[in-house]
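For what it's worth, our numbering labels the leading residue of the sequence shown as 8, then goes sequentially.
What follows is a set of notes on a single structure, which appears directly below.
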Amino acid sequence: MTTTTTIIRPAPRRSHRGRRVVIALLIVVAVLAAAAVAAEVFARQYADNYVRSSVVKGLGLPSEKLVHVDLGGGSVILQAIAGRIDRARVTVDSLTIDSLRASAVVTATGVPLDTAKPLRTLHIDATVTQASLAAVIEKNAGVAAPTVSLPGRVVRIATTLTIFGTRVPVALDLAPSASKGDLVFTPDAVILNGSRLSIAQVKAGIAGSVIGQIVSAQRLCVANALPKALTLDSVAVTSGRLVIGLQGDGAKLSAAEFATRGSCPSNG
Numbered sequence: 008m009t010t011t012t013t014i015i016r017p018a019p020r021r022s023h024r025g026r027r028v029v030i031a032l033l034i035v036v037a038v039l040a041a042a043a044v045a046a047e048v049f050a051r052q053y054a055d056n057y058v059r060s061s062v063v064k065g066l067g068l069p070s071e072k073l074v075h076v077d078l079g080g081g082s083v084i085l086q087a088i089a090g091r092i093d094r095a096r097v098t099v100d101s102l103t104i105d106s107l108r109a110s111a112v113v114t115a116t117g118v119p120l121d122t123a124k125p126l127r128t129l130h131i132d133a134t135v136t137q138a139s140l141a142a143v144i145e146k147n148a149g150v151a152a153p154t155v156s157l158p159g160r161v162v163r164i165a166t167t168l169t170i171f172g173t174r175v176p177v178a179l180d181l182a183p184s185a186s187k188g189d190l191v192f193t194p195d196a197v198i199l200n201g202s203r204l205s206i207a208q209v210k211a212g213i214a215g216s217v218i219g220q221i222v223s224a225q226r227l228c229v230a231n232a233l234p235k236a237l238t239l240d241s242v243a244v245t246s247g248r249l250v251i252g253l254q255g256d257g258a259k260l261s262a263a264e265f266a267t268r269g270s271c272p273s274n275g
């Protein structure tokens with residue numbers, strides 16, 4: 008009888024070499040990822056400061072604290088490689104345009120990192136405070152202590168006038184617009200003692216000579232309060248706010264047009 012002997016060999020010990028390679032690769036990937044994140048954070052901070060300082064300098068703002076920059080969610084490093092920031096949205100808490108105080112939203116596209124190259128587009132929406140608007144109207148239209156409201160699409164100023172010895176409440180609706188770089192407020196209607204009248208009716212009426220002083224169009228040149236690179240593009244009442252639109256498409260941040268202000272005809 009033959010006896011068969013079975014030899015059981017222990018399973019070979021698994022080499023730790025493969026595990027060490029995997030761990031090393033994971034460490035390298037983690038380091039590269041951390042470096043990429045750090046580089047993106049640095050690039051975003053640099054671009055943020057670059058855009059902020061450009062806005063502060065271009066608009067002549069007193070402090071960078073008034074400016075808040077949003078560069079969107081895309082990779083700033085990839086945009087920097089292309090030489091431009093795709094889109095920047097900047098909010099400005101307070102700025103002054105001539106005698107008008109406003110807050111503003113600046114939207115720029117194709118912002119070059121080389122200031123000698125032009126922006127693709129630049130638009131500013133400035134929302135004017137009602138208090139400063141009232142002060143400007145009082146100064147330019149000669150209306151004493153007007154109350155300003157913004158119903159519909161008009162600027163309404165309310166005051167009282169003395170008509171034949173009697174104090175009468177008067178409200179004037181002004182249609183805002185932009186013309187040749189000026190803010191223009193054109194009389195649209197008069198509300199006299201509760202009755203709405205057209206401008207023609209007012210001028211033809213017996214009180215026309217008294218009310219006539221406030222029903223002429225008012226123009227306000229703001230060019231001397233803006234960089235030459237910016238032009239007044241639009242003025243409108245929207246959702247109870249007077250919004251001034253400024254445009255500077257194709258402007259160069261390093262150009263003299265941003266460093267110098269425009270001028271009004273009366274200033275030569």
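In this text, a Cβ means the ideal position worked out from N, Cα and C, and glycines have one as well.
In this text, all values refer to a predicted model and were calculated from it rather than measured experimentally.
Just reading off the beta strand (DSSP E) that residue i is part of, what are its end residues?
| i | result |
| --- | --- |
| Ser202 | Ser202 to Ser205 |
| Leu102 | Arg91 to Ile104 |
| Phe192 | Asp189 to Leu199 |
| Ala185 | Thr173 to Ser186 |
| Thr245 | Thr238 to Thr245 |
| Pro125 | Unbroken run through Pro125: none, as it is neither H nor E. |
| Arg163 | Val162 to Ile170 |
Can you give the beta carbon distance from residue i to residue j, rounded, assuming they're within the 8 angstroms contact cut?
| i | j | result |
| --- | --- | --- |
| Pro194 | Leu181 | 6 angstroms |
| Leu107 | Leu140 | 7 angstroms |
| Ala165 | Ala178 | 4 angstroms |
| Val242 | Ser184 | 6 angstroms |
| Ile84 | Ala46 | 6 angstroms |
With a CB to CB cut of under 8 angstroms and the five nearest residues on each side skipped, what residues in its chain are close to residue i?
| i | result |
| --- | --- |
| Ala263 | Lys235 |
| Leu267 | For the record, residue 267 in the displayed sequence is Thr; it is not Leu. Within the same chain, Thr267 has close Cβ partners Pro234 and Lys235. |
| Leu157 | Gln137, Arg163, Val244, Gly247, Arg248 and Leu249 |
| Asn274 | Confidence at Asn274 is low in this model, with a pLDDT of 45, below 50, so its placement is unreliable and the value that follows should be read with caution. Result list for Asn274: Asn231, in chain order. |
In its own chain, which residues sit with a C-beta less than 7 angstroms from the C-beta of residue i, not counting the 5 before and 5 after it?
| i | result |
| --- | --- |
| Gly257 | Pro125 and Leu126 |
Between which two residues does the alpha helix (DSSP H) holding residue i run?
| i | result |
| --- | --- |
| Ala138 | Gln137 to Ala148 |
| Ala263 | Ala263 to Ala266 |
Leaving out five residues before and five after residue i in sequence, what residues of the same chain have Cβ atoms less than 6 angstroms from its Cβ?
| i | result |
| --- | --- |
| Thr169 | none |
| Thr167 | Arg174 and Pro176 |
| Leu260 | Ser61 and Thr122 |
| Gln86 | Ile92 and Asp93 |
### Task
Report yes or no: do three or more beta-carbon pairs, one from the segment 71-78 and one from the segment 28-44, lie closer than 8 angstroms?
no
### Query
Can you find at least 3 beta carbon pairs, one from the segment 129-136 and one from the segment 236-249, that sit closer than 8 angstroms?
yes
### Query
Along the chain, which unbroken stretches of the beta strand (DSSP E) at least 3 residues long are found entirely within the segment 37-101?
74-77
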